[in-house]
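Asker: Before anything else, here's the structure in question.
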Amino acid sequence: MPLTPLDIHNKEFARSFRGYDEDAVNEFLDQVIKDYEAIIRENKELQNQILALQERLDHFSNIEETLSKTIIVAQEAADEVRNNAKKEAQLVLKEAEKNADRIINESLTRSRKISVETEELKKQASIYRTRFRTLLEAQLELLQDDGWKTLDHDRVLELEK
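The sequence shown begins at 1208 in our numbering and counts up one residue at a time.
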């Protein structure tokens, strides 16, 4: 069991002939008591500081552990977001490719339809020109025919009567 200041204070020494000076011994013991009490107080303060520092260390250790867990969760979440983004990008790309194929197919179909319609219109225009030319040639033939001269002369005669 450790020695206390009270133990030092209550310590009695046996008296002997030619022993130490009692006042000097008591004075020295008083000084030892003061120093010992100061050391005990300092020791208590240091123990309190150690407890406070240990509490802070525990607090910071908890914060560190929480931050580590948070970082791991954040990394996992980031990985999940990245993977989901890749999957979504692949889906968007596939959908875009499907739409592009559909648009190309529709364009090709429309192009073929327009081409067929264009050829049909060319044929109809050619037929129309041929018929119109034939009609005009027939009309020119009629105009060049000598029968018109007679018609004009007969009509003049009728008008004179």
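No residue lacks a Cβ here, since even glycine has one placed at the ideal position from N, Cα and C.
Quick test of the definition: if touching needs 3 or more C-beta pairs under 8 angstroms, does the segment 1240–1249 touch the segment 1211–1225?
Answerer: The segment 1240–1249, when compared against the segment 1211–1225, does touch it at the 8 angstroms Cβ threshold.
Asker: So, with DSSP's three-state summary, where would you put Y1243?
Answerer: Within the sequence shown, numbered from 1, the residue matching residue 1243 stands at position 36. Of the three classes helix, strand and coil, the one that applies to Y1243 here is helix, per DSSP.
Asker: Are F1220 and V1232 close, meaning C-beta to C-beta below 8 angstroms?
Answerer: Here residue 1220 corresponds to residue number 13 of the sequence shown, with the count starting at 1. Here residue 1232 corresponds to residue number 25 of the sequence shown, with the count starting at 1. Cβ atoms of F1220 and V1232: closer than 8 angstroms.
Asker: If I follow the unbroken alpha helix (DSSP H) through L1213, where does it start and stop?
Answerer: Taking the sequence shown and counting its residues from 1, the one referred to as residue 1213 is at position 6. P1212 to N1217 is the extent of the alpha helix (DSSP H) around L1213.
Asker: Out of curiosity, what's the CA-to-CA distance linking D1228 and E1249?
Answerer: To locate residue 1228, count along the sequence shown from 1; it is residue 21. To locate residue 1249, count along the sequence shown from 1; it is residue 42. D1228 and E1249: Cα-Cα distance of roughly 31 angstroms.
Asker: Using three-state DSSP, classify Y1335 as helix, strand or coil.
Answerer: Mapped onto the sequence shown, residue 1335 falls at position 128. Here Y1335 sits in helix by DSSP.
Asker: DSSP three-state call for R1222: helix, strand or coil?
Answerer: Here residue 1222 refers to the residue found at position 15 of the sequence shown. R1222: coil per DSSP, three-state reduction.
Asker: Please report the straight-line C-alpha distance between A1303 and E1295, rounded to a whole angstrom.
Answerer: Along the sequence shown, read from residue 1 onward, the residue named residue 1303 stands at position 96. Along the sequence shown, read from residue 1 onward, the residue named residue 1295 stands at position 88. Cα to Cα, the separation comes out at about 12 angstroms.
Asker: Per DSSP, what kind of secondary structure is D1265 in: helix, strand or coil?
Answerer: The residue labelled residue 1265 in the question sits at position 58 within the sequence shown. In the structure shown, D1265 sits in a helix (DSSP, three-state: H, G or I).
Asker: Quick check: what's the CA-CA separation for L1342 versus Y1335?
Answerer: Stepping through the sequence shown from its first residue, residue 1342 is reached at position 135. Stepping through the sequence shown from its first residue, residue 1335 is reached at position 128. Those two C-alpha atoms are separated by around 10 angstroms.
Asker: Could you check what DSSP says for D1352 in three-state terms: helix, strand or coil?
Answerer: Position 145 of the sequence shown holds residue 1352. Residue state, collapsed to three classes: coil.
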